[in-house]
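Respectively, the protein sequence lines represent chains A and B. Sequential numbering from 15 applies to the first sequence in my numbering. Sequential numbering from 15 applies to the second sequence in my numbering. Quick reminder that beta carbons are idealized off the backbone N, C-alpha and C, glycines included. All figures in this text were calculated on a predicted structure; none of them were measured in a lab.
There are 2 protein chains.
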Amino acid sequence: MAKVDNTSEQEGGAIRRRNERAILAAAERVFARHGYRGASLQEIAEQAGLPKSNVLYYMGSKRKLYVRLLERMMERWNAMLDDISPEDDPAEVLSAFIRSKMQLSRTHPEGSRLFASEILGGAPFLQDYLKGELRDWVESRAAVFREWADRGLMDPVDPVWLIFLIWSTTQHYADFEAQVLGITGRDALSDQDLEEITEFLTRVVIKGCGVKHPAARAEDSATLTER
Amino acid sequence: MAKVDNTSEQEGGAIRRRNERAILAAAERVFARHGYRGASLQEIAEQAGLPKSNVLYYMGSKRKLYVRLLERMMERWNAMLDDISPEDDPAEVLSAFIRSKMQLSRTHPEGSRLFASEILGGAPFLQDYLKGELRDWVESRAAVFREWADRGLMDPVDPVWLIFLIWSTTQHYADFEAQVLGITGRDALSDQDLEEITEFLTRVVIKGCGVKHPAARAEDSATLTER
DNA sequence: GTCTATAGCCTGATAGAC
DNA sequence: GTCTATCAGGCTATAGAC
């Protein structure tokens, strides 16, 4: 229980927290840019402003650091995903779904690219997650979409392809940022750009899948198709 | 002019061609999977069935090999892109656009992932291409889309966001193949799956952007919206 | 707790035998 | 043309001084 005379408990904890945060932020950037193999602890340490050995002291190994980053990203992902039920309004659910994915691309572009890099490399660390948790998540949403289609609230499109469409179009603005900026000739996308893109995607998805407004909520959701 | 007694001209050329093809194919796989830095000449050589030094003998350096692969992918890309004019039928053009991009994802998934990896890493080798050739290509298409919108042939959506939508959704099936297979629980996507996805994407884009059929071609293109 | 020094391995590239 | 041997440098990880 007795601490050594080195540093106070509070200061030590604070330093540790600060260093860990710096390492995680730097590592996310470097892994996202160069992939698991291409990233070096050297570069991560430099970007975190620490000696290389500190990275290993705090994180144990390159592999553990990488896995920790992936898990952190999956948590962000899960935090975003609230449940839906067949009783919900399809237009509202799809709109909220697109909006929250766009915001994740906006607030955590490095995390999105880290995830993309992992998948691009064949998902060696995320195989189980994809075939387990994530697959279940997709299946449960797909079931709701199918019920909406059965009740005539939207066209009978394949729900899984629809989910992939929403994922790919929203992640695109984080993962292919370099291409988007190069082609549009900008330094960065503004909040207004992202709002515009969100509205475009929402409009195309809702109109493209023939999503109807339930009669009971006609006034509430009347603006949604025009969004 | 006189050849040494080593091998016949034909055989030597044939061996060289065969080895180069093997190296390029192996390198595309390895670079796609691990990125530029993460890829090793060792692994490329092993997958090509050649000693490591042969790779350098044929390709000069790791960097030259990588650039050559990128250029080959850009050529495939360019070969696919025929010109369009405001007189064309929007539904036909968009449908053909989606279809050819899906086929590129199908026939050259490693090339698509190589390109994705390059962009994910900030496009260090493709900056000029993105800001030059590709930007011009997008702008010329965007101008046609805008004219269609002005003439009431489709909704006034932002053409650039629409192009990004088509790119991201079609490339997704090559770049995120590991995720798609994990979630759908398959070993591979069949030709039929890809046809189904192509039709789904075409339908959502055409309906979602309110694309109309020019009166003159009503019978010809009547089936397109239902696709 | 923190950092320096270094071990052991793998990298891209080259020189030179055949 | 082809391949073995080797170099100098970077990598992850660890041992041990402070």
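As assigned by DSSP and simplified to three states, the class of residue i
{"i": "residue 231 of chain B", "result": "Its pLDDT being 49, under 50, residue 231 of chain B is placed unreliably in this model, and the coordinates cannot settle the point."}
{"i": "residue 65 of chain A", "result": "coil"}
{"i": "residue 48 of chain A", "result": "helix"}
{"i": "residue 116 of chain B", "result": "helix"}
{"i": "residue 78 of chain B", "result": "helix"}
{"i": "residue 134 of chain A", "result": "helix"}
{"i": "residue 54 of chain B", "result": "coil"}
{"i": "residue 165 of chain A", "result": "coil"}
{"i": "residue 90 of chain A", "result": "helix"}
{"i": "residue 200 of chain A", "result": "coil"}
{"i": "residue 103 of chain B", "result": "coil"}
{"i": "residue 148 of chain B", "result": "helix"}
{"i": "residue 170 of chain B", "result": "coil"}
{"i": "residue 139 of chain A", "result": "coil"}
For residue i, the first and last residue of its enclosing alpha helix (DSSP H)
{"i": "residue 98 of chain A", "result": "Per DSSP, residue 98 of chain A belongs to no alpha helix (DSSP H) and is neither H nor E."}
{"i": "residue 186 of chain B", "result": "173 to 189"}
{"i": "residue 226 of chain B", "result": "No alpha helix (DSSP H) contains residue 226 of chain B, which DSSP labels as neither H nor E."}
{"i": "residue 221 of chain B", "result": "205 to 222"}
Assigned exposure category for residue i - 16 Cβ within 10 Å defines buried
{"i": "residue 42 of chain B", "result": "buried"}
{"i": "residue 125 of chain A", "result": "buried"}
{"i": "residue 197 of chain A", "result": "buried"}
{"i": "residue 53 of chain A", "result": "buried"}
{"i": "residue 29 of chain B", "result": "exposed"}
{"i": "residue 32 of chain B", "result": "exposed"}
{"i": "residue 77 of chain A", "result": "exposed"}
{"i": "residue 47 of chain B", "result": "buried"}
{"i": "residue 165 of chain B", "result": "exposed"}
{"i": "residue 184 of chain A", "result": "buried"}
{"i": "residue 138 of chain B", "result": "exposed"}
{"i": "residue 155 of chain B", "result": "buried"}
{"i": "residue 130 of chain B", "result": "buried"}
{"i": "residue 242 of chain A", "result": "Any answer about residue 242 of chain A is impossible in this case: the structure gives chain A only from 15 up to 241."}
{"i": "residue 258 of chain A", "result": "As displayed, chain A neither begins before 15 nor continues past 241, which places residue 258 of chain A out of reach and without an answer."}
{"i": "residue 99 of chain B", "result": "exposed"}
{"i": "residue 40 of chain B", "result": "buried"}
{"i": "residue 27 of chain B", "result": "exposed"}
{"i": "residue 222 of chain A", "result": "buried"}
{"i": "residue 109 of chain A", "result": "buried"}
{"i": "residue 201 of chain A", "result": "exposed"}
{"i": "residue 75 of chain A", "result": "exposed"}
Own chain partners of residue i with C-beta closer than 6 Å, once the 5 adjacent residues on each side are dropped
{"i": "residue 140 of chain B", "result": "132"}
{"i": "residue 34 of chain B", "result": "72"}
{"i": "residue 50 of chain B", "result": "80"}
{"i": "residue 158 of chain A", "result": "98 and 100"}
{"i": "residue 121 of chain A", "result": "none"}
Cutoff 8 Å; reference residue i; Cβ partners in own chain excluding five residues on either side
{"i": "residue 36 of chain A", "result": "62, 63 and 64"}
{"i": "residue 91 of chain B", "result": "118"}
{"i": "residue 206 of chain A", "result": "none"}
{"i": "residue 116 of chain B", "result": "184, 187, 208, 211, 212 and 215"}
Cutoff 7 Å; reference residue i; Cβ partners in own chain excluding five residues on either side
{"i": "residue 123 of chain A", "result": "188 and 191"}
{"i": "residue 94 of chain B", "result": "114 and 118"}
{"i": "residue 152 of chain B", "result": "174 and 177"}
{"i": "residue 170 of chain A", "result": "163"}
{"i": "residue 66 of chain B", "result": "55, 56 and 59"}
{"i": "residue 112 of chain B", "result": "180, 184, 212, 215, 216 and 219"}
{"i": "residue 83 of chain B", "result": "38, 41, 42, 45 and 128"}
beta-carbon residue i near the ligand GDP non-hydrogen atom, thresh 6 Å
{"i": "residue 217 of chain B", "result": "Of ligands this structure carries none, so the ligand GDP is not represented either."}
Practice task
With 8 Å as the C-beta to C-beta threshold (strictly closer), list the residues of the region 28 to 43 of chain B near chain A in chain order.
Solution key: The region 28 to 43 of chain B vs chain A, Cβ under 8 Å: nothing.
Problem - Proximal residues, the region 103 to 125 of chain B versus chain A, C-beta separation under 9 Å - result: Going along the region 103 to 125 of chain B in chain order, one finds no residue with a Cβ nearer than 9 Å to chain A.
Practice task
Please name the residues in the region 144 to 174 of chain A whose beta-carbon is closer than 7 Å to at least one beta-carbon of chain B, in chain order.
Solution key: From the region 144 to 174 of chain A, only 144, 145, 148, 149, 152, 171, 172 and 174 have a Cβ closer than 7 Å to chain B.
Practice task
Could you name the residues of the region 216 to 231 of chain A whose beta carbon sits closer than 9 Å to any beta carbon of chain B, in the order they occur along the chain?
Solution key: Within the region 216 to 231 of chain A, the residues whose Cβ lies closer than 9 Å to some Cβ of chain B are 217, 218, 219, 220, 221, 222, 223 and 224, listed in chain order.
Handout entry: Members of the region 173 to 206 of chain B that neighbour chain A once the beta carbon cut-off is set at 9 Å
Key = Hits within the stretch, in order: 174, 175, 176, 177, 178, 179, 181, 182, 183, 184, 185, 186, 187, 189, 190, 191, 192, 193, 194, 195, 196, 197, 198 and 199.
Problem - Residues of the region 53 to 79 of chain B whose Cβ lies closer than 7 Å to any Cβ of chain A, in chain order - result: Within the region 53 to 79 of chain B, no residue has a Cβ that lies closer than 7 Å to any Cβ of chain A.
Handout entry: Selection of the region 132 to 143 of chain A by Cβ proximity to chain B, strictly under 7 Å
Key = The residues in question are 133, 134, 135, 136, 137 and 141.
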